[in-house]
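Novice: Got a structure for you, questions after.
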Amino acid sequence: MQNPEKPKKNRTIAERTATLAMLIALAMILSWVEVLIPFNFGIPGIKLGLANLVTLIGFYLLPPSDVLIVAFSRIMLTGLLFSSPAALIYSLSGGMLSYFVMLFMKKRGNFSLLFISIFGGIFHNIGQLAAAAFQNTAILYYLPVLVLAGLLTGAINGIIAGRVLKYLSVGN
């Protein structure tokens, strides 16, 4: 298996396109699973964020620019297919903030996969809340609940991502 810190540079355009398309499709399938089988945490609007697994694992297998393409494309396509324009804005705000926080932490090199995932989950929720606060700042009361939810779902996804990477013999 290739070194996760040095993604393969000499992929053909066709190989790169096929890889990105497969990862976007996988992320969309995981998003669809969450739509079909809602995970009820007893708190409205909270999901496991299974599609973020593809982004998280991508940081260990692909160049950051490819991970950004996958994350952005998945958010746009699932937003257009499965939700409303407002939900798309919230998803884009949360997903992009989460991406850049996780990228920063990964590039620093001194954070574990689990820690990166937890902060990704927390900042995804903060990004969504920030987008919602433009319409109504009273929604900020929900911040402690969303931080806790991001911590829990980020930990779950971090554990799953760690096992997948171990299975792929990449490690973290």
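The letter at position 106 of the sequence shown is residue 219 when you use our numbering, and the numbering goes up by one with no holes.
Ideal Cβ positions, reconstructed from N, Cα and C, are used throughout, including at glycine.
Which full runs of the alpha helix (DSSP H) of 4+ residues lie inside the segment 171-207, going along the chain?
Specialist: Within the segment 171-207, the complete alpha helix (DSSP H) runs of at least 4 residues are 177-195.
Novice: Roughly how many angstroms separate the alpha carbons of G171 and F236, rounded to a whole number?
Specialist: Between G171 and F236, the C-alpha separation is close to 18 Å.
Novice: Would you please state the rounded distance, in angstroms, between the beta carbons of T168 and Y212? I believe it to be under 8 Å.
Specialist: So it is a contact: roughly 6 Å between Cβ atoms.
Novice: Here's a check: name, in chain order, each residue in its chain whose Cβ is nearer than 7 Å to the Cβ of G136, leaving out the five neighbours to either side.
Specialist: The sequence shown places Leu at residue 136, rather than the Gly named in the question. Counting only Cβ-Cβ distances below 7 Å, and skipping sequence neighbours, we find V167, G171 and V183.
Novice: So what's K306 in DSSP terms, helix, strand or just coil?
Specialist: Any answer about residue 306 is impossible in this case: the structure gives the chain only from 114 up to 285.
Novice: Would you say the segment 219-230 touches the segment 203-210, given that touching needs at least three Cβ pairs under 8 Å?
Specialist: Contact fails: fewer than three Cβ-Cβ distances are below 8 Å.
Novice: If we ignore side chains and look at the alpha-carbon of each, how far apart do A131 and L175 end up?
Specialist: Near 13 Å, if we compare the C-alpha coordinates of L175 and A131.
Novice: Which of the three DSSP states, helix, strand or coil, is assigned to L281?
Specialist: It is coil, neither helix nor strand.
Novice: In chain order, which continuous runs of the alpha helix (DSSP H) of length 4 or greater are located wholly inside the segment 203-268?
Specialist: Listed in chain order, the complete alpha helix (DSSP H) runs (minimum 4 residues) inside the segment 203-268 are 226-246.
Novice: So A164 packs on S186, CB below 8 Å; how close in whole Å?
Specialist: Incorrect: roughly 11 Å between the Cβ atoms, too far for contact.
Novice: Cα separation between F195 and L149?
Specialist: So the two alpha carbons sit approximately 11 Å from each other.
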